[in-house]
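K.L.:
Take a look at the following structure, please.
Residue numbers (the numbering used here): 12 to 314.
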């Protein structure tokens with residue numbers, strides 16, 4: 012990724028039709044043996060803001076997989092069914108890759124388990140299966156979960172597009188392995204950004220269902236992220252008593268282009284509410300495919 016690449020763009024032309032892609036999981040591996048705890052040098056706040064993804068994503072993406080597996084028998088479109096299967100494979104691999112980072116954090120003296128136990132409770136108990144429901148209520152619960160997943164996937168595609176176009180992280184000396192992990196993951200999120208949305212519309216095309224999913228997801232995600240940053244900063248063995256977490260720290264990191272700007276994030280949420288919205292309007296398949304062809308981990312997985 013060139014260092015002078017634009018930090019982010021909200022809309023990009025789409026020379027490659029995302030519907031022409033065949034989604035496939037890439038069996039990537041990463042070497043964390045030389046990755047420091049603060050993989051963005053001198054930037055513990057920005058580092059840990061990214062690291063919240065490691066805390067949330069393993070359980071979140073396993074929940075995606077379980078939910079989509081339940082939806083598979085209901086799909087009547089052959090192409091969508093194949094896309095959902097590809098999505099399941101990619102998300103399962105994402106969960107495992109971030110799980111390995113949790114083990115790396117433990118070797119650095121940061122125990123992530125107090126937070127990850129909460130993630131397990133949310134995605135296994137609160138949002139998990141409810142066998143006591145009737146058949147009709149079970150179907151409605153499935154649709155509600157699919158609406159939440161479609162909203163989550165909007166955010167992951169936004170983050171993926173942002174990090175693929177960000178050159179400042181390279182200039183800041185970000186650890187190459189960690190940066191490759193986030194960019195590989197982000198590229199696949201852009202690659203399959205339409206699948207969850209298309210599945211939801213296939214099973215329930217009502218606008219209000221999609222809106223309800225975002226109204227639930229956005230505040231929950233923000234709250235979980237803030238709690239995650241506070242947890243990591245307080246659990247960081249290298250920070251001592253310097254554990255204050257302030258919104259101005261986020262703004263400062265965003266001004267340095269080390270984190271997504273809040274204005275762009277807010278605009279992305281608002282776009283989701285447009286009646287004619289479709290995820291293909293976000294990000295660039297061409298950019299994602301180009302990075303996946305260059306990613307050290309993705310290239311190694313094809314050998």
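Glycine residues also receive a C-beta, built at the ideal position from the N, C-alpha and C atoms.
1) For residue 184, which residues of its own chain have a beta-carbon under 6 Å away from its beta-carbon, when the five flanking residues on both sides are left out?
2) For residue 161, which residues of its own chain have a beta-carbon under 6 Å away from its beta-carbon, when the five flanking residues on both sides are left out?
3) Using 8 Å for Cβ pairs, my map puts residue 8 next to residue 169. What's the rounded Cβ distance?
4) Ordered along the chain, which non-local residues of its own chain (more than five positions away) have a Cβ less than 8 Å from that of residue 15?
5) Going straight from the alpha carbon of residue 297 to that of residue 252, what length do you get?
6) Thinking C-alpha only, which one of 38, 122, 101, 98 is nearest residue 247?
7) Please determine, among 196, 204, 173, 68, the residue with the shortest C-alpha to C-alpha distance to residue 269.
8) Straight-line CA distance for residue 101 to residue 107?
9) Whole angstroms is fine: what's the gap from residue 136's alpha carbon to residue 158's?
10) Beta-carbon within less than 6 Å of residue 186's beta-carbon, same chain only, minus the 5 sequence neighbours each way: which residues are those?
11) With C-beta atoms as the reference, is residue 105 less than 8 Å away from residue 68?
12) With distance defined between alpha-carbon atoms, name the residue in 167, 284, 290 nearest to residue 71.
13) Locate the alpha helix (DSSP H) running through residue 279, then write down its first and last residues.
14) Whole angstroms are fine: how far does the CA of residue 255 sit from the CA of residue 295?
15) Quick one, which of 153, 43, 230 has its alpha-carbon nearest residue 79's?
16) Would a C-beta distance cut-off of 8 Å place residue 263 and residue 273 closer than the cut-off?
17) If you draw a straight line from the C-alpha of residue 286 to the C-alpha of residue 42, how long is it?
18) What number of angstroms, rounded off, separates the C-alpha of residue 180 from the C-alpha of residue 56?
19) Specify the secondary structure class of residue 26 as computed by DSSP and reduced to three states.
20) With a threshold of 16 other CB atoms inside 10 Å of the CB of residue 289, please say whether the residue is buried or exposed.
21) Return the residue from the list 202, 134, 249, 304 that minimises the CA-CA distance to residue 98.
22) In chain order, which continuous runs of the alpha helix (DSSP H) of length 4 or greater are located wholly inside the region 115–179?
23) May I ask which residues mark the beginning and end of the alpha helix (DSSP H) holding residue 261?
24) Which word fits residue 218, buried or exposed, when buried means at least 16 other C-beta atoms lie within 10 angstroms of its C-beta?
25) Within 10 Å of its beta-carbon, does residue 310 have 16 or more other beta-carbons around it, so buried, or fewer, so exposed?
26) Please classify residue 86 as buried or exposed, where buried requires at least 16 other C-beta atoms within 10 Å of its C-beta.
27) Mapping the DSSP letters down to three states, classify residue 303 as helix, strand or coil.
28) Taking the beta carbon of residue 44 as the centre, do at least 16 other beta carbons fall within 10 Å, making it buried, or is it exposed?
P.N.:
On the basis of the data shown:
1) 52
2) 207, 208, 211, 224
3) Residue 8 falls outside the range modelled here, since the chain spans only 12 to 314, and no answer is possible.
4) Note on residue 15: pLDDT 37, under 50, position unreliable in the model; the coordinate value appears next. Cβ within range, chain order: 178.
5) 45 Å
6) 122
7) 173
8) 10 Å
9) 18 Å
10) 46, 50
11) yes
12) 167
13) 273–283
14) 37 Å
15) 153
16) no
17) 44 Å
18) 14 Å
19) Here residue 26 scores only 49 on pLDDT, less than 50, and its place in the model should not be relied on; the value that follows carries that caveat. Coil, per DSSP.
20) exposed
21) 202
22) 124–131, 146–175
23) 258–266
24) exposed
25) exposed
26) buried
27) helix
28) exposed
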